[in-house]
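Visitor:
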Amino acid sequence: MTLLPKVVGHRGIGKHGLAPENTLKSFILCMEKNIPYVETDLRVCKTGEIVLFHGSPDGTIPFYKDGTSRICDLSFEELKRLDVGGGHTIPSLEELFIALEERHSSMELNLELKGEEWKRTESGDHQKLLFLVEKYHMQQRVDYCSFHHEALVHLKSLCPEAKITYLFNYMGQPTPLDFVEQACNGGANGVSMLFHYLTKEQVSAAHEKGLSVTVWMPWIFDDSEQDWKHCIQLQVDFICSNYPFGLMHFLSNIVSNNDNI
Numbered sequence: 006m007t008l009l010p011k012v013v014g015h016r017g018i019g020k021h022g023l024a025p026e027n028t029l030k031s032f033i034l035c036m037e038k039n040i041p042y043v044e045t046d047l048r049v050c051k052t053g054e055i056v057l058f059h060g061s062p063d064g065t066i067p068f069y070k071d072g073t074s075r076i077c078d079l080s081f082e083e084l085k086r087l088d089v090g091g092g093h094t095i096p097s098l099e100e101l102f103i104a105l106e107e108r109h110s111s112m113e114l115n116l117e118l119k120g121e122e123w124k125r126t127e128s129g130d131h132q133k134l135l136f137l138v139e140k141y142h143m144q145q146r147v148d149y150c151s152f153h154h155e156a157l158v159h160l161k162s163l164c165p166e167a168k169i170t171y172l173f174n175y176m177g178q179p180t181p182l183d184f185v186e187q188a189c190n191g192g193a194n195g196v197s198m199l200f201h202y203l204t205k206e207q208v209s210a211a212h213e214k215g216l217s218v219t220v221w222m223p224w225i226f227d228d229s230e231q232d233w234k235h236c237i238q239l240q241v242d243f244i245c246s247n248y249p250f251g252l253m254h255f256l257s258n259i260v261s262n263n264d265n266i
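Following the numbering used here, the numbering of the sequence shown begins with 6 at its first residue and continues without gaps.
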């Protein structure tokens, strides 16, 4: 039987509608449902705290005032006054680590270095991130990923044992022919590719070099059982899904029924 991929909750709970994306409630619900991995987006606010927020590519907060303010323009105190839906606020990475610790959760994290700020190697933000991870003993439970590959290389230079994953297909860009070479040259442990572009040949090429393969679902896409079956046939290692609860149920049924895909 084909090995089944692991579930990664996109921005936490994804699009299930039970809590806004990238909120503590979203991650806590994943803990309660035993989702093994979640993905979240790291940005740095004006006062230096690392916060969990996606937003537009430049970190603009669409629902704040005139829609032109960015995460990096606001202090953490200002961000905590924002309601992202249902009374929920933008959490810090440290708040997520504390929530994991308080609930004795073994959930692992896929931390995406989201904004352009992560390309600034002189900022000290990478050191701050590594310090937080070490403070909460998360070194073995964190995988760093980014479209900004140079940011990952810098992180790896500061912490050679850090696990890094090269993200590809930013804004629908095609996968470079040398994607495996790029990842290996950067010391990556894995690659992460857009669902609509990924091929069996690419998965095989990555696996031949010892790279794990994650398939990520775009936020505008409602991934379904047919899509998950296709991912299993591709033999990916992780599925970053907008519906992690549904995917968990789907995979559990395969195991229970001893089905072949």
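Glycine included, each C-beta is placed from N, C-alpha and C at the ideal position.
I'd like the ranges of any beta strand (DSSP E) spanning at least 3 consecutive residues and lying wholly in the stretch 37-71.
Guide: If we require 3 residues or more, the beta strand (DSSP E) runs fully inside the stretch 37-71 come out as 42-49 and 55-57.
Visitor: Pop quiz: L172 and V12 are said to be a contact at Cβ under 8 Å. What is the actual Cβ separation, rounded to whole angstroms?
Guide: Not a contact, Cβ separation roughly 18 Å.
Visitor: Taking DSSP as the reference, what is the three-state secondary structure of D88?
Guide: It is coil, neither helix nor strand.
Visitor: How do the stretch 122-131 and the stretch 97-109 stand: do at least 3 beta-carbon pairs fall below 8 Å, yes or no?
Guide: No, the stretch 122-131 does not touch the stretch 97-109.
Visitor: State the DSSP-derived secondary structure class of E166, mapped to helix, strand or coil.
Guide: It is coil, neither helix nor strand.
Visitor: Give the straight-line distance between the Cα atoms of F81 and C50, rounded to the nearest whole angstrom.
Guide: One C-alpha to the other measures close to 6 Å.
Visitor: From the DSSP output, read off the bridge partner residues of D148.
Guide: Answer is N115 and K168.
Visitor: Under the rule that 16 or more other beta-carbon atoms within 10 Å means buried, what is N262, buried or exposed?
Guide: Counting Cβ neighbours within 10 Å, N262 comes out exposed, since fewer than 16 surround it.
Visitor: Tell me the DSSP bridge mates of F243?
Guide: Its beta-bridge partners are K11 and T219.
Visitor: Quick one: what does DSSP say S74 is sitting in, helix, strand or coil?
Guide: Correct three-state label for S74: coil.
Visitor: Quick one, which of G53, D183 and I244 has its alpha-carbon nearest L137's?
Guide: For the residues G53, D183 and I244, the minimum Cα distance to L137 belongs to G53.
Visitor: Run through DSSP, which three-state label would G191 get?
Guide: If DSSP states are grouped into helix, strand and coil, G191 belongs with coil.
Visitor: Figure out for me which residue from T28, V56, H154 and M176 has the closest Cα to the Cα of K168.
Guide: It is H154 whose Cα lies nearest to the Cα of K168.
Visitor: Determine the direct distance from the alpha carbon of D63 to that of E121, and round the result to whole angstroms.
Guide: Going from the Cα of E121 to the Cα of D63 covers about 7 Å.
Visitor: Does the Cβ of G86 have 16 or more other Cβ atoms within 10 Å, making it buried, or fewer, making it exposed?
Guide: With the sequence shown as reference, residue 86 is identified as Arg, and Gly is not the correct amino acid for it. It counts as exposed.
Visitor: Give me whichever residues DSSP pairs with V138 in a beta bridge.
Guide: None, per the DSSP bridge assignment.
Visitor: Find the nearest neighbour of R48 within the set A24, E113 and L134, judged by alpha-carbon distance.
Guide: Cα-wise, what sits closest to R48 is L134.
Visitor: Starting from Q207, follow the alpha helix (DSSP H) in both directions and report where the run begins and ends.
Guide: Element bounds for Q207: K205 to E213.
Visitor: Tell me whether the beta-carbon of N115 lies closer than 9 Å to the beta-carbon of T170.
Guide: Taking 9 Å as the Cβ cut-off, N115 and T170 qualify as a contacting pair.
Visitor: Grouping DSSP H, G and I as helix and E and B as strand, with all else coil, what is L199?
Guide: Residue state, collapsed to three classes: strand.
Visitor: Using the DSSP secondary-structure output, state which residues sit across from S97 in a beta bridge.
Guide: Answer is V56.
Visitor: With DSSP run on the structure shown, which of helix, strand or coil describes G177?
Guide: Note: G177 maps to helix in three-state DSSP.
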